[in-house]
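**Q** Residue numbers (full-length UniProt numbering): 1 to 423.
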Amino acid sequence: MTTIRWTEDGIGRAADWHSENGAPPPATVQIIGDETTADEACRSARAGVGLLWRGDFHNGRQLVQAMSRRLRGDRGGNREATGGRRSGGRRGGRGRSRDRRGRDQFVSSGDSDGPALDAALSFFAERDAIEQRARLLGRVVVELGSDFDLALRRAPDVAAACRAAYGPSDGPVCVSLTELGGVLSAYEWQLRGVEIPALGDSVHPRYGVFSPVRGEYLDLVAQTPLPWGRQAGSVSPGTDSAQPTGTAFDLGTGTGVLAAILLRRGAATVVATDINPRAVACASENLDRLCPGADVSVIEADLFPPGRADLIVCNPPWLPAQPTSALEIGIYDPDSAVLHRFIERLTDHLTPAGEGWLIISDLAERLGLRPSGELRERIEAAGLRVLERIDTVPRHSRAADTADALHAARSAEVTSLWRLGLR
1 MTTIRWTEDG
11 IGRAADWHSE
21 NGAPPPATVQ
31 IIGDETTADE
41 ACRSARAGVG
51 LLWRGDFHNG
61 RQLVQAMSRR
71 LRGDRGGNRE
81 ATGGRRSGGR
91 RGGRGRSRDR
101 RGRDQFVSSG
111 DSDGPALDAA
121 LSFFAERDAI
131 EQRARLLGRV
141 VVELGSDFDL
151 ALRRAPDVAA
161 ACRAAYGPSD
171 GPVCVSLTEL
181 GGVLSAYEWQ
191 LRGVEIPALG
201 DSVHPRYGVF
211 SPVRGEYLDL
221 VAQTPLPWGR
231 QAGSVSPGTD
241 SAQPTGTAFD
251 LGTGTGVLAA
261 ILLRRGAATV
271 VATDINPRAV
281 ACASENLDRL
291 CPGADVSVIE
301 ADLFPPGRAD
311 LIVCNPPWLP
321 AQPTSALEIG
331 IYDPDSAVLH
341 RFIERLTDHL
351 TPAGEGWLII
361 SDLAERLGLR
371 PSGELRERIE
381 AAGLRVLERI
391 DTVPRHSRAA
401 DTADALHAAR
411 SAEVTSLWRL
421 GLR
């Protein structure tokens with residue numbers, strides 16, 4: 001863990017620095033409080049200064065909200081104080097974020113027509129603005145004590161939420177106020193849970209684990225006939241086997257919600273995988289509660305576990321772009337690497353009559369980020385065939401938001417379950 005250093009009341013201070021997004025600690029730190037205005041904070045943040053908040057907790061959150069409004073309304077707000085040059089992104093570099101590099105590659109490829117190009121450029125502009133805004137807002141930081149105590153006026157008790165997110169405390173640590181807000185919000189969801197109609201129950205997401213907020217893809221998995229039911233002559237969604245049968249893999253399990261649906265539908269054995277240790281712990285907790293006594297294992301793995309299965313389910317990130325936060329890893333995947341590896345390696349893990357279920361949206365195609373027809377071409381090149389494609393429409397609020405710059409694409413989006421088999 002790296003260290004952040006500052007001077008306060010003439011005394012040199014230091015603490016550990018933690019950033020879920022890998023942001024480095026600011027080299028220069030300024031102490032700020034209730035008297036600091038949003039305009040002043042924005043100017044300092046653009047100059048690369050870290051702003052250590054010592055005022056009232058709620059006033060600090062209001063300051064960040066006011067900064068966000070200014071940055072959203074200021075077209076120059078996503079430029080750092082570098083003579084107009086774009087900043088180097090989260091990992092430094094030569095003045096371009098990964099999404100800007102992806103945009104430049106997309107434009108130079110000439111693969112899309114006018115409308116698709118316009119949609120893609122709007123998408124990349126939005127992503128770039130989000131990344132830059134998140135970086136600036138992340139420069140407002142707070143200090144947590146040796147037991148995650150927060151010594152600010154009107155501050156809530158954040159210790160339990162921080163322990164749930166970070167584990168045991170190793171001593172004083174500084175984090176951004178926006179990250180701490182995410183930790184507190186995630187802990188509320190972890191305690192309260194998220195209702196899943198397809199399960200008739202709830203799952204409890206942990207911090208850093210993608211929450212299943214889009215119910216349409218869960219319904220697809222809950223209603224599509226299982227391959228072993230088809231082989232037995234049962235093709236109706238409501239006629240799953242009364243006796244557990246069949247082996248299933250749930251790749252990138254997250255909260256474990258799809259594994260739970262498969263077990264409740266009669267899968268005899270489920271192996272759920274995730275590369276994120278938090279997700280492995282989260283899915284294990286949910287599956288122990290939702291499916292007690294079931295033959296299910298949750299393992300830390302990069303996509304596929306060893307062996308073969310009758311059903312392999314994968315709901316990869318849908319958009320080929322760089323995530324700007326830990327939670328966005330469930331939505332954005334640079335170069336669609338997870339999607340491509342799933343397709344390319346599926347034949348090595350399916351039983352002869354097994355099926356791969358790929359759940360994915362066509363938003364990438366509608367935004368011009370993936371050429372139309374490329375997905376089917378990759379499927380065929382991998383030695384697979386499309387048995388069926390089952391479509392549904394999104395039910396999330398952004399699909400109906402006419403103020404969204406990407407409304408035309410989002411409102412026409414289709415989410416599909418692709419049933420894939422061996423050729």
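Here a beta-carbon is modelled for each residue, glycine too, at the ideal position from N, C-alpha and C.
Give me the DSSP bridge partner(s) of Y207.
**A** One-based indexing of the sequence shown puts residue 207 at position 207. None; Y207 has no bridge partner.
**Q** Between G208, V140 and T245, which has its C-alpha nearest G55's C-alpha?
**A** Looking up residue 55 in the sequence shown gives position 55. Here the closest residue by C-alpha is V140.
**Q** If you reduce the DSSP assignment to three classes, tell me which class S325 lands in.
**A** Counting from one through the sequence shown, the residue named residue 325 turns up at place 325. Coil at S325, not helix or strand.
**Q** Could you give the residue range of the alpha helix (DSSP H) that holds P277?
**A** In the sequence shown, counting from the first residue as 1, residue 277 sits at position 277. Where P277 is concerned, the enclosing alpha helix (DSSP H) stretches over P277 to L290.
**Q** According to DSSP, simplified to helix, strand and coil, what is Q30?
**A** Residue 30 sits at position 30 when you count from the first residue of the sequence shown. Residue state, collapsed to three classes: strand.
**Q** Sort out for me which residues DSSP pairs T2 with in a bridge.
**A** The residue given as residue 2 occupies position 2 in the sequence shown. DSSP lists W17 as partners of T2.
**Q** Measuring straight from C-alpha to C-alpha, what distance separates L226 and I275?
**A** Here the question's residue 226 lines up with position 226 in the sequence shown. Here the question's residue 275 lines up with position 275 in the sequence shown. Roughly 26 Å separates the two Cα atoms.
**Q** Name, in chain order, the residues that DSSP records as bridge partners for L350.
**A** Translated into positions along the sequence shown, residue 350 becomes position 350. The partner list for L350 (beta bridge, DSSP) reads A309.
**Q** In the DSSP assignment, what residue or residues form a beta bridge with F249?
**A** As a first step, residue 249 must be located in the sequence shown, where it is residue number 249. Its beta-bridge partners are V271 and I312.
**Q** Rank L180, W189, A222 and E179 by C-alpha distance to the C-alpha of A198 and give the top, closest one.
**A** For the purposes of this step, residue 198 is taken as the residue at position 198 of the sequence shown. When only C-alpha atoms are compared, the closest one is A222.
**Q** Quick check: what's the CA-CA separation for D9 versus P277?
**A** Within the sequence shown, the letter at position 9 stands for residue 9. Within the sequence shown, the letter at position 277 stands for residue 277. Their Cα atoms are separated by approximately 41 Å.
**Q** Would you mind reading off the limits of the beta strand (DSSP E) that contains L422?
**A** Position 422 of the sequence shown, counted from the first residue, corresponds to residue 422. Residues T415 to L422.
**Q** Is the beta carbon of A260 within less than 6 Å of some heavy atom of the ligand ADP?
**A** Because no ligand of any kind appears in the structure shown, any question about the ligand ADP cannot be addressed here.
**Q** Restricting to runs no shorter than 3 residues, where is the beta strand (DSSP E) found entirely within the segment 120-151?
**A** 140-144
**Q** Please classify P292: is it buried, with 16 or more other beta-carbons within 10 angstroms of its beta-carbon, or exposed?
**A** Position 292 of the sequence shown, counting from 1, holds the residue named residue 292. Its Cβ having fewer than 16 others within 10 Å, P292 is exposed.
**Q** Taking 8 Å as the threshold, find out whether the segment 126-141 comes into contact with the segment 310-327 through three or more Cβ pairs.
**A** Between the segment 126-141 and the segment 310-327, the count of C-beta pairs closer than 8 Å reaches three or more; the two stretches touch.
**Q** Please list, in chain order, all residues of the same chain as residue 424 whose beta carbon is under 6 Å from its beta carbon, the five residues on each side excluded.
**A** Residue numbering for the chain in the displayed model covers 1 to 423; residue 424 lies beyond these limits and cannot be assessed.
**Q** From this set, R376, E300 and T224, which residue's C-alpha is nearest E355's C-alpha?
**A** Mapped onto the sequence shown, residue 355 falls at position 355. Out of R376, E300 and T224, T224 has the C-alpha closest to the C-alpha of E355.
**Q** Say whether the segment 410-422 touches the segment 210-221, bearing in mind that this needs 3 or more beta-carbon pairs closer than 8 Å, one atom from each stretch.
**A** The answer is yes - the segment 210-221 touches the segment 410-422, with three or more Cβ pairs under 8 Å.
**Q** Take V393 as the anchor and find which of L369, G421 and S361 has the nearest alpha-carbon.
**A** The count along the sequence shown starts at 1 and reaches residue 393 at position 393. Checking every option, the nearest Cα to that of V393 belongs to S361.
**Q** So the beta strand (DSSP E) I390 belongs to, where does it begin and stop?
**A** The residue given as residue 390 occupies position 390 in the sequence shown. L384 to T392 is the extent of the beta strand (DSSP E) around I390.
**Q** So for V194, helix, strand or coil by DSSP?
**A** Along the sequence shown, one-based indexing puts residue 194 at 194. Strand, per DSSP.
**Q** Where D39 and T7 are concerned, what is the direct C-alpha to C-alpha distance, given to the nearest angstrom?
**A** Here residue 39 is taken as the residue at index 39 of the sequence shown, counted from 1. Here residue 7 is taken as the residue at index 7 of the sequence shown, counted from 1. Their Cα atoms are separated by approximately 23 Å.
**Q** Between the segment 248-256 and the segment 309-317, do three or more beta carbon pairs fall short of 8 Å?
**A** yes
**Q** For G84 and A47, what's the separation of their Cα atoms in angstroms?
**A** The residue given as residue 84 occupies position 84 in the sequence shown. The residue given as residue 47 occupies position 47 in the sequence shown. Confidence at G84 is low in this model, with a pLDDT of 36, below 50, so its placement is unreliable and the value that follows should be read with caution. When rounded, the distance between both Cα atoms is 12 Å.
**Q** For L63 and V29, which I take to be in contact (beta-carbon distance under 8 Å), what is that distance rounded to the nearest angstrom?
**A** Here residue 63 is taken as the residue at index 63 of the sequence shown, counted from 1. Here residue 29 is taken as the residue at index 29 of the sequence shown, counted from 1. Contact flag wrong, Cβ pair sits at about 16 Å.
**Q** Looking only at its chain, what residues have a beta carbon closer than 7 Å to the beta carbon of S44, apart from the 5 residues adjacent to it on each side?
**A** Translated into the one-based positions of the sequence shown, residue 44 becomes position 44. Sequence-distant partners of S44 (beyond 5 residues in either direction) whose C-beta falls short of 7 Å from its own C-beta, in its chain, are Q30 and L51.
**Q** Put I331 into one of helix, strand or coil per three-state DSSP.
**A** As a working mapping, residue 331 is identified with position 331 in the sequence shown. Looking at I331 - three-state DSSP - the assignment turns out to be coil, as it is neither helix nor strand.
**Q** According to DSSP, is T7 helix, strand or coil?
**A** Taking the first residue of the sequence shown as position 1, residue 7 is located at position 7. Annotated three-state conformation of T7 is strand, per DSSP.
**Q** Quick one, are the C-beta atoms of G193 and S202 less than 7 Å apart?
**A** Your numbering for residue 193 matches position 193 in the sequence shown. Your numbering for residue 202 matches position 202 in the sequence shown. Going by C-beta atoms, G193 is nearer than 7 Å to S202.
**Q** Taking the Cβ atom as the reference point for each residue, do E20 and E179 lie within a distance shorter than 7 Å?
**A** As a first step, residue 20 must be located in the sequence shown, where it is residue number 20. As a first step, residue 179 must be located in the sequence shown, where it is residue number 179. Yes, they are a contact pair.
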